[in-house]
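In our numbering, the protein residues as written are 1413 to 1902.
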């Protein structure tokens, strides 16, 4: 449905559809983050053969599914010229993935692989991000677009924030929970899948009933059709814009810097979501329930800090957070002093026989770096999470908003697909890389890798700060140079 001359009723439905996109993005992000702090103990609970390296694959499975589904759903959006069907398909897929996550217990063997498949299917359902951003881009005027795209990113961030908080509440159910029959189990682990299942049903109903398609090209077209007397003047104006735009396309380098920054932020977020729970068990000797509860609270705090408008400041804070989390030489006692066997502290360095399966908290004897890595004190870890809580929400909202301004009036579906796909790829690679580094070399390697990527992004933003400007500013600079000019001149 193409809406140019919009009646008041059309405007109501247009904004209802946009707000449904906010809700869908929020629920999608919530489905991703709701099990972040509990997925490691859940994995250990359903299959005792699971290890930290396999955890990385389970976390990455979501993003891999999203990476595969995003271009497919985007192509379906382009072919069908509507967003409703691709969104509904994605929600039905999420429905099945959430049910599988909650019913891992019904499979007699290889449950860890069933859990991995469930996260992959949920990720396939979350591939509607590019469709939502493309629809929102086409259903808003140029004046509205920046604010609306920023709200989409905010809803995504809120989903990341609320999910761990909900999981922290679910820890009150404990394990095996109030209901633990063969047909249904409700506990601190399965409740995340059951809630996602119910939210998917509600989302499907809302999209099917209230969502309506809208699209219009530019404000110039809007004014021309609304006022036939001005068609000639507006057509001339549009032609002039097209001639100018052919010489001043959006700044590709600036757009790619925004996408790279977005990818780095998601890579680092995946670092925390992947290893914070096993890291807290290693560093602070927390058991499974404590790790799920405290990490859920810590991740939930990330969004309740005020934001400013400096990406540089946000990246600097993110860099500082990972440097604080890195165990540096000279910190107190090595981790081998904190082995917990059957609830009793043991000194692994004394050569005492310790069975890995009896391990409930502290640094596992199966990890070779436990004897040399110093411990990070809890207050320092809390400070690092607090610093990250300021930096991450700022940058994750600003990067897509700045990209929208850089692109200007062009149809942004392809670029939004690159943004979503890049974020998915980062969240796919990140868990695998950091989990392998964590299990093989310890938290130092994981956090220094993340810090290096943030530093690289920070250098790129500072070096090309003059290029990160709205499209109109960039066009004026090109026009002053006669449509040409080197990168340095621009």
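Quick reminder that beta carbons are idealized off the backbone N, C-alpha and C, glycines included. Predicted model only: the values in this text are computed from it and were never measured.
Can you pull the DSSP bridge partners for residue 1548? What you label residue 1548 is simply residue 136 of the chain shown in a count that begins at 1. According to DSSP, residue 1548 bridges with nothing at all.
Residue closest to residue 1707, alpha-carbon to alpha-carbon, out of 1724, 1665, 1684: If you number the chain shown from 1, residue 1707 lands on position 295. Residue 1707 has its Cα closest to that of 1684, out of 1724, 1665, 1684.
Is residue 1666 near residue 1808, with beta carbons less than 7 Å apart? Walking along the chain shown from the start, residue 1666 turns up at place 254. Walking along the chain shown from the start, residue 1808 turns up at place 396. Cβ atoms of residue 1666 and residue 1808: not closer than 7 Å.
Who does residue 1598 pair with in a DSSP beta bridge? In the chain shown, residue 1598 corresponds to position 186, counting from 1. Paired residue(s): 1591.
Assumed close pair residue 1609, residue 1507 - CB separation to whole angstroms, cut-off 8 Å: Here the question's residue 1609 lines up with position 197 in the chain shown. Here the question's residue 1507 lines up with position 95 in the chain shown. So it is a contact: roughly 6 Å between Cβ atoms.
Helix, strand or coil: which one does DSSP assign to residue 1630? Start at 1 with the first residue of the chain shown, and residue 1630 comes out as number 218. Residue placement at residue 1630 is flagged as unreliable, the pLDDT there being 44, under the threshold of 50; the coordinate-derived value follows with that caveat. Correct three-state label for residue 1630: coil.
Applying the 10 Å Cβ sphere with the 16-neighbour rule, what's the burial state of residue 1555? On the chain shown, position 143 is the one that residue 1555 refers to. Exposed, because fewer than 16 other Cβ atoms sit within 10 Å of the Cβ of residue 1555.
Which one of 1676, 1488, 1450 has the shortest CA to CA distance from residue 1862? In the chain shown, residue 1862 corresponds to position 450, counting from 1. Comparing Cα-Cα distances from residue 1862 to each of 1676, 1488, 1450, the minimum goes to 1676.
Backbone secondary structure at residue 1662 - three-state DSSP: Locating residue 1662 in the chain shown gives position 250, counting from the first residue. In the structure shown, residue 1662 sits in coil (DSSP, three-state: anything other than H, G, I, E or B).
Looking at the unbroken alpha helix (DSSP H) that takes in residue 1452, where does it start and where does it end? Counting from one through the chain shown, the residue named residue 1452 turns up at place 40. Its alpha helix (DSSP H) spans residues 1451-1458.
List the endpoints of the continuous alpha helix (DSSP H) containing residue 1625. What you label residue 1625 is simply residue 213 of the chain shown in a count that begins at 1. Note, residue 1625: premise wrong, no alpha helix (DSSP H); not H, not E.
Between the Cα of residue 1522 and those of 1734, 1607, 1459, 1465, spot the shortest distance and give me the residue it belongs to. By 1-based counting over the chain shown, the position of residue 1522 is 110. Closest option to residue 1522, Cα to Cα, is 1459.
Check each candidate in 1477, 1520, 1614 and name the one with the smallest Cα separation from residue 1530. Here residue 1530 corresponds to residue number 118 of the chain shown, with the count starting at 1. Looking at the Cα atoms, 1477 is the closest of the given residues.
Would you kindly work out how many angstroms separate the C-alpha atoms of residue 1578 and residue 1600, rounded to a whole number? Residue 1578 sits at position 166 when you count from the first residue of the chain shown. Residue 1600 sits at position 188 when you count from the first residue of the chain shown. Rounded to whole angstroms, residue 1578 to residue 1600 spans 10 Å at the Cα level.
How far does the alpha helix (DSSP H) with residue 1856 in it extend, from its first residue to its last? Locating residue 1856 in the chain shown gives position 444, counting from the first residue. Start and end: 1855-1875.
Is the beta carbon of residue 1445 less than 7 Å from the beta carbon of residue 1525? If you number the chain shown from 1, residue 1445 lands on position 33. If you number the chain shown from 1, residue 1525 lands on position 113. Result no, Cβ atoms of residue 1445 and residue 1525 do not sit closer than 7 Å.
Is residue 1482 closer than 7 Å to residue 1816 when the C-beta atoms are compared? Here the question's residue 1816 lines up with position 404 in the chain shown. Here the question's residue 1482 lines up with position 70 in the chain shown. Cβ atoms of residue 1816 and residue 1482: not closer than 7 Å.
Can you list, in chain order, the residues of its chain whose CB lies under 6 Å from that of residue 1542, leaving out five sequence neighbours each side? Here residue 1542 is taken as the residue at index 130 of the chain shown, counted from 1. 1482, 1486, 1828, 1829, 1832, listed in sequence order.
Buried versus exposed, by CB contacts within 10 Å (16 or more), residue 1430: To locate residue 1430, count along the chain shown from 1; it is residue 18. When all chains shown are included, residue 1430 counts as buried.
In angstroms with no decimal places, state the Cα-to-Cα distance between residue 1432 and residue 1834. Counting from one through the chain shown, the residue named residue 1432 turns up at place 20. Counting from one through the chain shown, the residue named residue 1834 turns up at place 422. Each residue's alpha carbon lies about 24 Å from the other.
Okay, do the stretch 1786-1793 and the stretch 1545-1554 touch, 3+ Cβ pairs below 8 Å being the bar? no
Please give the ranges of any beta strand (DSSP E) in the stretch 1495-1540, keeping only runs that are unbroken, at least 3 residues long and fully inside the region. none
By the DSSP assignment, the alpha helix (DSSP H) with residue 1443 in it spans what residues? Taking the first residue of the chain shown as 1, we reach residue 1443 at position 31. Start and end: 1420-1445.
Can you give me the C-alpha to C-alpha distance between residue 1576 and residue 1567, rounded to a whole angstrom? Looking up residue 1576 in the chain shown gives position 164. Looking up residue 1567 in the chain shown gives position 155. If you take the alpha carbons of residue 1576 and residue 1567, they lie about 15 Å apart.
Applying the criterion that 16 or more other CB atoms from any shown protein chain within 10 Å of the CB defines a buried residue, is residue 1520 buried or exposed? As a first step, residue 1520 must be located in the chain shown, where it is residue number 108. Exposed is the call here.
Nearest by alpha-carbon distance to residue 1494: which of 1455, 1540, 1443, 1837 is it? Position 82 of the chain shown, counted from the start, is the residue given in the question as residue 1494. The shortest Cα separation from residue 1494 among 1455, 1540, 1443, 1837 belongs to 1540.
Taking the continuous alpha helix (DSSP H) assigned at residue 1739, which residues delimit it? Position 327 of the chain shown holds residue 1739. It is not in any alpha helix (DSSP H) - residue 1739 carries neither H nor E in the DSSP assignment.
Which residue marks the beginning of the alpha helix (DSSP H) containing residue 1585, and which one marks its end? For the purposes of this step, residue 1585 is taken as the residue at position 173 of the chain shown. Taken as a continuous stretch (DSSP letters only), residue 1585 belongs to no alpha helix (DSSP H), as it is neither H nor E.
With a threshold of 8 Å on Cβ separation, who are the neighbours of residue 1680 within its own chain once the five nearest residues in sequence on each side are excluded? The residue given as residue 1680 occupies position 268 in the chain shown. So the list reads 1730, 1734, 1804, 1842, 1862, 1865, 1866, once near-sequence residues are dropped.
Closest by CA to residue 1612, which one among 1457, 1435, 1856? The residue labelled residue 1612 in the question sits at position 200 within the chain shown. Ranking the options by Cα distance to residue 1612, first place goes to 1435.
Whole-angstrom C-beta distance between residue 1847 and residue 1465, which should lie under 8 Å: Sequence index remark: in the chain shown, residue 1465 carries index 53 (1-based). Sequence index remark: in the chain shown, residue 1847 carries index 435 (1-based). Residue 1465 to residue 1847, Cβ: 5 Å. Contact.
Distance between residue 1891 and residue 1442 (C-alpha atoms, nearest Å): To locate residue 1442, count along the chain shown from 1; it is residue 30. To locate residue 1891, count along the chain shown from 1; it is residue 479. Near 45 Å, if we compare the C-alpha coordinates of residue 1891 and residue 1442.
Whole angstroms is fine: what's the gap from residue 1872's alpha carbon to residue 1668's? As a first step, residue 1872 must be located in the chain shown, where it is residue number 460. As a first step, residue 1668 must be located in the chain shown, where it is residue number 256. Spanning the two alpha carbons is a distance of roughly 10 Å.
Using three-state DSSP, classify residue 1698 as helix, strand or coil. Your numbering for residue 1698 matches position 286 in the chain shown. Coil.
Go ahead and pull the three-state DSSP assignment for residue 1463. Locating residue 1463 in the chain shown gives position 51, counting from the first residue. Residue 1463: coil per DSSP, three-state reduction.
Whose C-alpha, out of 1728, 1673, 1853, 1868, is nearest the C-alpha of residue 1801? Indexing the chain shown from 1 puts residue 1801 at position 389. For residue 1801, the nearest C-alpha among the options comes from 1728.
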